[in-house]
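A short write-up of the structure that comes next.
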Amino acid sequence: AVVSTQSTGAAQKRGHRVGVAGPSDEESRFITVAQRMRERIMDPGTLVRGCEDVLELLGNVRAQVAECSISIVLAAMRHHIMSEPVQEAGCVTLANICYHHKSLHALIVMQGGIRHIQLAMRSHVSNDLVQRAACGALANLSLRYDD
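Heads up: take any position in the sequence shown, counting from 1, add 129, and you land on our numbering.
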């Protein structure tokens, strides 16, 4: 429906947000997954499944929505340093956040992403899957994108 400027101004005066889209279905699902991961941070199975769900949705969510998953993924990696599946899933998720949302590279670095990735590599030297995922995350973090 078309909204005239007169009704838009009236809506703004009443405190309604005009012209700001709410979350899409994918973004709502993404937020739900992130909340579930945060609530069950001590359950490695939930975290791995959550990372898989995040990966499925990352290409369809705005950077502002994807941003919430960074701290959760890093917390999961910190709490479960000896869990190879969590470390692999965390590194893969960070690599894909970098790929889909170049604007989030700096945030990942500022929140200690490189340190977490390096720790995963040092803690699981003989696990090819963790090593490959960690290298992918570091590679995507190091790429320069000219938008």
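We put the beta carbon where it would ideally sit given N, CA and C, even for glycine.
Since the structure is predicted, the reported quantities are computational estimates derived from the model, not experimental observations.
*Check whether the Cβ atoms of L186 and E155 lie closer than 9 Å to each other.*
yes
_Exposure label - M166; buried when at least 16 CB within 10 Å_ = buried
_Do I199 and I243 have their beta-carbon atoms positioned less than 9 Å apart in this structure?_
no
*Look at the alpha carbon of E196 and the alpha carbon of S255, and state the distance between them as a whole number of angstroms.*
31 Å
*Exposure label - T284; buried when at least 16 CB within 10 Å*: Nothing in the structure corresponds to residue 284, since the chain is present only between 130 and 276.
*asked:* For a test of the three-state rule: what should DSSP assign to S198, helix, strand or coil?
replied: helix
*Range of the contiguous alpha helix (DSSP H) that encloses M211*: No alpha helix (DSSP H) holds M211; DSSP gives it neither H nor E.
*Please say whether L272 and V215 have beta carbons closer to each other than 9 Å?*
no
*Between D250 and R158, what straight-line distance do the alpha-carbon atoms span, to the nearest angstrom?*
Reading off the sequence, residue 250 comes out as Met, not Asp. One C-alpha to the other measures close to 31 Å.
*Beta-carbon gap between I201 and I246 smaller than 9 Å*: no
*Leaving out five residues before and five after E217 in sequence, what residues of the same chain have Cβ atoms less than 7 Å from its Cβ?*
L258, V259 and A262
_Assumed close pair N269, A224 - CB separation to whole angstroms, cut-off 8 Å_ = 5 Å
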